[in-house]
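Have a look at the structure below before the remarks.
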Amino acid sequence: MNELPPCPQCKSTYTYQMDEILACPECGNEWNVEESSSASEGFVVKDSNGQILQNGDSVVTIKNLPVKGTSQSIKAGTKVRNIRLVDSDHNIDCKIDGFGAMALKSEFVKKA
Ligand SMILES: [Zn+2]
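Taking my numbering, I'd label the letters of the sequence shown as residues 1 to 112.
Quick look at the structure:
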């Protein structure tokens, strides 16, 4: 994973993760993964129904989603556990059985 948020204290991007804790080697700051997602408030990720999603939520895909680089697609109705929210176009990082690490768009999922 190289999509960790920058340090809230010194803005260093060399943050690293230890279980539920994020740490910054530059200033020694340590903070909770959950806290950083709610504290930053920089972005909100909503599912197809407008429900706000949070890190660790489970979602279900609502349509077949093609997977880049393969001829396979993720079928509608696939359950995705333990999502991680990212501030980007594909705003959900997750792992899907049989596919591995994926980035999804929140508009194509709903909260499980
Ligand atoms: Zn720092």
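We treat Cβ as the ideally placed atom computed from N, Cα and C, and that holds for glycine. Because the structure is a prediction, the values reported are computed rather than measured.
Do you know offhand how far residue i's Cα is from residue j's?
| i | j | result |
| --- | --- | --- |
| S40 | V86 | Residue confidence for S40 is low, a pLDDT of 49 falling below 50, so the modelled location carries little weight and cannot support an answer. |
| M1 | V67 | Confidence at M1 is low in this model, with a pLDDT of 44, below 50, so its placement is unreliable and the value that follows should be read with caution. The alpha-carbon atoms of M1 and V67 are separated by roughly 19 Å. |
| I96 | K11 | 31 Å |
| G50 | A112 | 13 Å |
| E20 | E34 | 8 Å |
| G98 | D47 | 23 Å |
| T61 | S73 | 11 Å |
| V109 | C27 | 38 Å |
| Q17 | K75 | 31 Å |
| A23 | V45 | 24 Å |
Report back the beta-carbon spacing between residue i and residue j to the nearest angstrom; my notes put them in contact at under 8 Å.
| i | j | result |
| --- | --- | --- |
| N32 | G56 | N32 to G56, Cβ: 12 Å. No contact. |
| H90 | A101 | 12 Å between Cβ atoms; not a contact. |
| V59 | L53 | 7 Å |
| E3 | D93 | 6 Å |
Taking DSSP's pairing of strands, which residues face residue i in a bridge?
| i | result |
| --- | --- |
| D93 | R84 and A103 |
| S73 | P66 |
| K110 | V60 |
Measuring only from the beta carbon, is residue i closer than 8 Å to any heavy atom that is part of ligand 1?
| i | result |
| --- | --- |
| G28 | yes |
| Q17 | no |
| C7 | yes |
| C24 | yes |
Is residue i near ligand 2, going by C-beta to nearest heavy atom under 8 Å?
| i | result |
| --- | --- |
| S12 | This structure does not include ligand 2; its bound ligands are ligand 1. |
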